[in-house]
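*Asks:* Dropping a structure here in structure tokens format, bear with me for questions.
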Ligand SMILES: C[S@@+](CC[C@H](N)C(=O)[O-])C[C@H]1O[C@@H](n2cnc3c(N)ncnc32)[C@H](O)[C@@H]1O
């Protein structure tokens with residue numbers, strides 16, 4: 001695991017940003033939609049002149065799909081600390097924009113108090129335990145009074161492998177253990193459990209949380225592949241940034257991932273994890 005002499009920097013992102021990760025994010029987006037069934041929680045009301053932000057937008061898949069459900073009079077703005085994953089084709093869509101921004105820094109004055117809805121999905125491997133509160137405060141600043149914050153995330157360390165046949169998927173167990181240890185050692189603790197409290201503590205009202213277990217058989221193969229790849233992409237990013245005990249090369253990570261795919265093919269094991277959707281409203 002990480003050499004104890006290495007330290008993480010604020011907001012250090014433990015995933016790679018390349019074509020393979022773009023593809024993984026798109027597949028993961030479809031898996032999430034198959035489980036959630038909505039882009040905006042059904043309690044969030046929409047109207048014709050909304051301004052919506054998606055922070056940590058990645059490829060922009062969420063914005064792309066939300067745009068299809070709302071009139072063009074709604075403005076949809078994506079923010080990310082990097083533009084490496086963003087799908088450039090979305091820049092052609094008239095009411096979608098993209099801006100570089102780090103969630104850990106206050107947003108520019110011209111954006112403060114301008115948004116009806118702020119959405120966040122999956123920042124668990126980006127934020128260390130002490131970074132969730134400042135991130136939520138920065139997001140709240142974007143909202144108009146009465147605006148809604150929707151944050152959906154998971155605790156990667158708590159993902160499990162289920163083995164109905166009782167056959168032990170040895171490669172998968174080993175890689176999961178390595179991935180979980182790496183995240184914990186680099187400070188990416190599972191803060192999603194505290195998110196509802198953080199929303200309340202930061203002054204949001206009408207807060208609620210929905211927890212769903214992701215393991216639907218109809219998207220199981222895709223979910224399995226996204227998890228095998230997230231472990232490989234996470235370990236590759238951590239290996240590039242830090243020394244990792246027990247890992248000497250990226251090739252070794254690729255071989256571990258192939259071992260997981262082999263387990264998935266030869267046993268009836270599958271991955272499962274819980275997703276938390278946390279909602280809050282800025283007081284009027
Ligand atoms: C796991 S991806 C999720 C992308 C997208 N929300 C989705 O659900 O497909 C996390 C995204 O957050 C971005 N990110 C990481 N750290 C960030 C930060 N400090 N501020 C803003 N975005 C960040 C990454 O660049 C990446 O695009």
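Numbering (UniProt numbering), first residue to last: 1 to 284. For each residue, glycine too, the CB sits at the ideal point set by N, CA and C.
Can you tell me whether residue 38 is buried or exposed, with buried defined as 16 or more other CB within 10 angstroms of its CB?
*Replies:* Burial call: exposed.
*Asks:* Go to residue 53, then tell me how far its beta strand (DSSP E) extends in each direction, as first and last residue.
*Replies:* Residues 51-55.
*Asks:* Quick check: the stretch 227-235 against the stretch 18-25, are there 3 or more CB pairs under 8 Å?
*Replies:* Judged by Cβ distances under 8 Å, the stretch 227-235 makes contact with the stretch 18-25, as three or more pairs qualify.
*Asks:* Would you identify the three-state DSSP class for residue 242, choosing helix, strand or coil?
*Replies:* Three-state DSSP puts residue 242 in coil, outside helix and strand.
*Asks:* Considering residue 170, what are the terminal residues of the beta strand (DSSP E) in which it resides?
*Replies:* Not the beta strand (DSSP E): residue 170 falls in the alpha helix (DSSP H), residues 170-185.
*Asks:* So is the beta-carbon of residue 88 under 7 Å away from any non-hydrogen atom of ligand 1?
*Replies:* Not under cutoff, so the answer is no.
*Asks:* Going along the chain, which unbroken runs of the beta strand (DSSP E) with 3 or more residues stay wholly within the stretch 31-98?
*Replies:* If we require 3 residues or more, the beta strand (DSSP E) runs fully inside the stretch 31-98 come out as 51-55 and 75-80.
*Asks:* How long is the line joining the alpha carbons of residue 79 and residue 72, rounded to whole angstroms?
*Replies:* If I take the Cα positions, the gap works out to 19 Å.
*Asks:* Three or more beta-carbon pairs under 8 Å between the stretch 196-208 and the stretch 136-153, yes or no?
*Replies:* They touch, by the three-pair rule.
*Asks:* Excluding the five sequence neighbours on either side, which residues of its own chain have a C-beta within less than 6 Å of the C-beta of residue 28, listed in chain order?
*Replies:* If we look at residue 28 and ignore the five residues flanking it on each side, its Cβ neighbours are 226.
*Asks:* Should residue 123 and residue 157 be called a contact, given that it needs their Cβ atoms to be closer than 8 Å?
*Replies:* No, the Cβ-Cβ distance between residue 123 and residue 157 is not below 8 Å.
*Asks:* Report the residue from 12, 25 and 43 whose alpha carbon sits nearest the alpha carbon of residue 278.
*Replies:* Closest option to residue 278, Cα to Cα, is 43.
*Asks:* Nearest by alpha-carbon distance to residue 126: which of 69, 173, 70 and 189 is it?
*Replies:* The option with the nearest alpha carbon to residue 126 is 189.
*Asks:* Around the C-beta of residue 192, are 16 or more other C-beta atoms found within 10 angstroms, so that it is buried, or is it exposed?
*Replies:* Residue 192 comes out buried.
*Asks:* Which residues mark the beginning and the end of the beta strand (DSSP E) in which residue 213 is found?
*Replies:* Counting along the chain, the beta strand (DSSP E) containing residue 213 begins and ends at 205-214.
*Asks:* With 16 as the cutoff for other CB atoms within 10 Å, does residue 248 come out buried or exposed?
*Replies:* With fewer than 16 other Cβ atoms within 10 Å, it is exposed.
*Asks:* With a threshold of 7 Å, establish whether the CB of residue 197 neighbours any heavy atom of ligand 1.
*Replies:* Not so, every heavy atom of ligand 1 lies at least 7 Å from the Cβ.
*Asks:* What do you get for residue 109, buried or exposed, if any count of 16 or more other CB atoms within 10 angstroms of its CB means buried?
*Replies:* Exposed: under 16 other Cβ atoms inside 10 Å.
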